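Engineer: Count along the sequence shown starting at 1, add 655, and that's the number in the working numbering. Just so you know, even glycine gets a beta-carbon here, dropped at the ideal spot from N, CA and C. Predicted, not measured: the structure shown is a model, and the values here were computed from it.
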Amino acid sequence: MDIRQLRYFIAIVEERKISAAAERLHISQPPLSQQLKSMEEELGSKLVERSGKFLELTEPGKTLYKYALKMTQLMEEAKMEVKEVENGVNGRLTIGINTFSVAELPELLQHFQQQYPNITYKIQQNESSHLCRLVRERKVELAFIRLPLDLENLSVLYLYTEPFYFITSKNQKPSDHEATLDEIQNYPLILPSTEGLGVHYLISEAFSKLNLQPNIIGECSDITLLMNLVSSDFGASIVPETLLKLHKGYPIHAQKISNTSLNASVGLIWLKNHYLSKAAHNFVDLFRSRFC
Numbered sequence: 656m657d658i659r660q661l662r663y664f665i666a667i668v669e670e671r672k673i674s675a676a677a678e679r680l681h682i683s684q685p686p687l688s689q690q691l692k693s694m695e696e697e698l699g700s701k702l703v704e705r706s707g708k709f710l711e712l713t714e715p716g717k718t719l720y721k722y723a724l725k726m727t728q729l730m731e732e733a734k735m736e737v738k739e740v741e742n743g744v745n746g747r748l749t750i751g752i753n754t755f756s757v758a759e760l761p762e763l764l765q766h767f768q769q770q771y772p773n774i775t776y777k778i779q780q781n782e783s784s785h786l787c788r789l790v791r792e793r794k795v796e797l798a799f800i801r802l803p804l805d806l807e808n809l810s811v812l813y814l815y816t817e818p819f820y821f822i823t824s825k826n827q828k829p830s831d832h833e834a835t836l837d838e839i840q841n842y843p844l845i846l847p848s849t850e851g852l853g854v855h856y857l858i859s860e861a862f863s864k865l866n867l868q869p870n871i872i873g874e875c876s877d878i879t880l881l882m883n884l885v886s887s888d889f890g891a892s893i894v895p896e897t898l899l900k901l902h903k904g905y906p907i908h909a910q911k912i913s914n915t916s917l918n919a920s921v922g923l924i925w926l927k928n929h930y931l932s933k934a935a936h937n938f939v940d941l942f943r944s945r946f947c
C-alpha cells in the first residue's frame, strides 16, 4: 500500500459510498473499486462490507482506518515541516567560532532567535584553520574565523579588522603612550594560540618584519588560563581587542599596540557553490544587515 491508497480508503470510509468517494477524489468509480480490492488482497482481509445502501467498516477495516488517518496526518505534517525548514522557520544552524570568539555573536544570535524561535543550534569552537576544514567537509555550515587564511572554495563576509593589545599584570607600570613591539620584546611573553596558527602566526610575523627577537616563554590556547597567568604576573601577552571585551574583570593593564601591521580581520565563511540551508542563508542576511 502507498499513501495514495490510504487517502482513497479514508474517502471511502468517510463517504460510505464508492460513487461519493470517487466524486470527492475526482476520479471514476472503477479505478477506485479496483484500488479497494487491491488493498484487501494485499492485507488478506475484507475492509468494508455493504449494509443497505452504505458501506460499513469491518474490524480489520477499522484498524486500517485508524492507522491511515495517522499516516496521512504525519505525511501532511512532514510536508509542512519541510517547507518551514526550506523557509528557514525550522531547522538547525551549525556554526563554528574561532578560539577567541566574536564579541558580537551573542547579540547576533539573540536577534536571530527572535526572528526564528524554532531554530536549534550547534556551536563549535576551534582554531580558524580547523574551522575552514570543517566547513569544507560540510560538518558546519558557517564559521567565524580570523584572517589571513587560505580561503579557496570558501565565500567570506568581513566583519571588522581589530587592533592588538599588550597586557600585563597590575603589578607592572605601563607607559602612558601606546606600546611598541620594540618595547614589548623585552617582556616575558606568553603567546595565545599555538605556533603556526592564527593569532600566534600574526604576532610572530609582526616581530619578524621588524627584525625583533621577542622573549617568548610559552604559549597558551586556553584563554582563561592565559588571563590568569598574566594577572598573576607569570608573564605578559599580546591579544586581540575582542578578547578584552569577552574577558573583563581581570586585574591587568592593557595598552594598544601602535604597530599598524599587527591587526586581525574577522570574517564569516561558508562553502562556495554548495547547498546552504535556508536557516544559514537567513543568518548570513542578518549578518550583512548589521555589520556590512
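Q779 bridges to which residues according to DSSP?
Structural biologist: Sequence index remark: in the sequence shown, residue 779 carries index 124 (1-based). G751, per the DSSP bridge assignment.
Engineer: DSSP has P906 in a bridge; who is on the other side?
Structural biologist: Counting from 1 along the sequence shown, the entry for residue 906 is found at position 251. Its beta-bridge partners do not exist; DSSP assigns none.
Engineer: Helix or strand or just coil, what does DSSP make of S693?
Structural biologist: To locate residue 693, count along the sequence shown from 1; it is residue 38. In the structure shown, S693 sits in a helix (DSSP, three-state: H, G or I).
Engineer: Out of H681, L812 and Q910, which has the shortest C-alpha to C-alpha gap to I822?
Structural biologist: For the purposes of this step, residue 822 is taken as residue 167 along the sequence shown, with counting starting at 1. Ranking the options by Cα distance to I822, first place goes to Q910.
Engineer: Considering only DSSP beta bridges, list what C787 is partnered with.
Structural biologist: Here residue 787 refers to the residue found at position 132 when the sequence shown is read from its first residue. None; C787 has no bridge partner.
Engineer: Counting pairs of Cβ atoms below 8 Å between the region 879–889 and the region 818–838, do you hit three or more?
Structural biologist: Judged by Cβ distances under 8 Å, the region 879–889 makes contact with the region 818–838, as three or more pairs qualify.
Engineer: Ignoring anything shorter than 4 residues, give me the alpha helix (DSSP H) runs that lie fully in the region 711–741, in order along the chain.
Structural biologist: 714–741
Engineer: The beta strand (DSSP E) spanning I774 covers which residue range?
Structural biologist: As a first step, residue 774 must be located in the sequence shown, where it is residue number 119. That residue, I774, is in no beta strand (DSSP E); it is neither H nor E in DSSP.
Engineer: What separation, rounded to the nearest whole angstrom, lies between the Cα atoms of R801 and V757?
Structural biologist: As a first step, residue 801 must be located in the sequence shown, where it is residue number 146. As a first step, residue 757 must be located in the sequence shown, where it is residue number 102. Cα to Cα, R801 sits roughly 10 Å from V757.
Engineer: K933 and N742 - do their beta-carbons sit closer together than 8 Å?
Structural biologist: Here residue 742 is taken as the residue at index 87 of the sequence shown, counted from 1. Here residue 933 is taken as the residue at index 278 of the sequence shown, counted from 1. Their beta carbons are under 8 Å apart, which means N742 touches K933 by this criterion.
Engineer: Of the choices E714, V894 and E695, whose alpha-carbon is the least far from that of P847?
Structural biologist: Locating residue 847 in the sequence shown gives position 192, where the first residue counts as 1. Per the Cα distances, V894.
Engineer: Measure the alpha-carbon distance for I845 versus V744 and round it to whole angstroms.
Structural biologist: As a position in the sequence shown, residue 845 is number 190, starting the count at 1. As a position in the sequence shown, residue 744 is number 89, starting the count at 1. Each residue's Cα considered, the two are about 45 Å apart.
Engineer: Checking 8 Å against the spacing of the C-beta atoms, do V790 and Q779 come in under that value?
Structural biologist: The count along the sequence shown starts at 1 and reaches residue 790 at position 135. The count along the sequence shown starts at 1 and reaches residue 779 at position 124. Not in contact: V790 and Q779 (Cβ atoms no closer than 8 Å).
Engineer: Restricting to Cα atoms, I'd like to know which of Y820, E896 and S674 is closest to K708.
Structural biologist: As a position in the sequence shown, residue 708 is number 53, starting the count at 1. Taking only the C-alpha atoms, the option nearest K708 is S674.
Engineer: Which whole-angstrom value describes the C-beta separation of W925 and L797, a residue pair presumed to lie in contact below a C-beta threshold of 8 Å?
Structural biologist: Position 270 of the sequence shown, counted from the first residue, corresponds to residue 925. Position 142 of the sequence shown, counted from the first residue, corresponds to residue 797. Indeed they touch by this definition, with Cβ atoms about 5 Å apart.
Engineer: Between R671 and the rest of its own chain, which residues show a CB-CB distance below 8 Å, the 5 nearest in sequence each way excluded?
Structural biologist: Stepping through the sequence shown from its first residue, residue 671 is reached at position 16. Only F709, L710 and E711 meet the Cβ criterion.
Engineer: Starting from V921, trace the beta strand (DSSP E) in both directions and tell me its first and last residue.
Structural biologist: For this step, residue 921 is matched to residue 266 along the sequence shown. Looking at the DSSP string, the run of the beta strand (DSSP E) that includes V921 is N918 to L926.
Engineer: State the DSSP-derived secondary structure class of Y930, mapped to helix, strand or coil.
Structural biologist: Counted from its first residue, the sequence shown places residue 930 at position 275. Y930: coil per DSSP, three-state reduction.
Engineer: Can you look up P895 in the DSSP assignment and give me helix, strand or coil?
Structural biologist: The residue you call residue 895 lines up with position 240 of the sequence shown. Note: P895 maps to strand in three-state DSSP.
Engineer: Which residue's Cα is closest to the Cα of F946: L814, S916, I871 and S784?
Structural biologist: Within the sequence shown, residue 946 is the residue found at index 291, counting from 1. Of the listed residues, the one whose Cα sits closest to F946 is L814.
Engineer: Is it the case that the Cβ atoms of V939 and L812 are separated by a distance below 8 Å?
Structural biologist: As a position in the sequence shown, residue 939 is number 284, starting the count at 1. As a position in the sequence shown, residue 812 is number 157, starting the count at 1. Yes. Within cutoff.
Engineer: Closest by CA to L687, which one among L698, I665, G699 and S706?
Structural biologist: If you number the sequence shown from 1, residue 687 lands on position 32. The shortest C-alpha separation from L687 is found at I665.
Engineer: Cα-Cα, which of L809, S700 and I658 is closest to L729?
Structural biologist: Sequence index remark: in the sequence shown, residue 729 carries index 74 (1-based). Taking only the C-alpha atoms, the option nearest L729 is I658.
Engineer: Quick check on this structure: which residue in I912, Y663 and N753 has the alpha carbon closest to the alpha carbon of A692?
Structural biologist: On the sequence shown, residue 692 is found 37 positions in, with the first residue counted as 1. Residue identity check: residue 692 is Lys in the sequence provided, not Ala. Checked all of I912, Y663 and N753; the closest Cα to K692 is Y663.
Engineer: Do you know how far the Cα of D831 is from the Cα of D805?
Structural biologist: Walking along the sequence shown from the start, residue 805 turns up at place 150. Walking along the sequence shown from the start, residue 831 turns up at place 176. Distance between the alpha carbons of D805 and D831 is about 38 Å.
Engineer: Let me check understanding here. Comparing Cα to Cα, which of T749, E792, Y722 and E678 lies closest to K777?
Structural biologist: For the purposes of this step, residue 777 is identified with residue 122 of the sequence shown, where counting begins at 1. Among T749, E792, Y722 and E678, the Cα nearest to that of K777 is on T749.
Engineer: Apart from the five residues on each side of it in sequence, which residues of its chain come closer than 7 Å, Cβ to Cβ, to L898?
Structural biologist: Along the sequence shown, one-based indexing puts residue 898 at 243. F755 and I878, listed in sequence order.
Engineer: Quick check: what's the CA-CA separation for S700 versus S683?
Structural biologist: Along the sequence shown, read from residue 1 onward, the residue named residue 700 stands at position 45. Along the sequence shown, read from residue 1 onward, the residue named residue 683 stands at position 28. Their Cα atoms are separated by approximately 24 Å.
Engineer: Residue range of the beta strand (DSSP E) that S810 falls in?
Structural biologist: The residue labelled residue 810 in the question sits at position 155 within the sequence shown. Its beta strand (DSSP E) spans residues L809 to S824.
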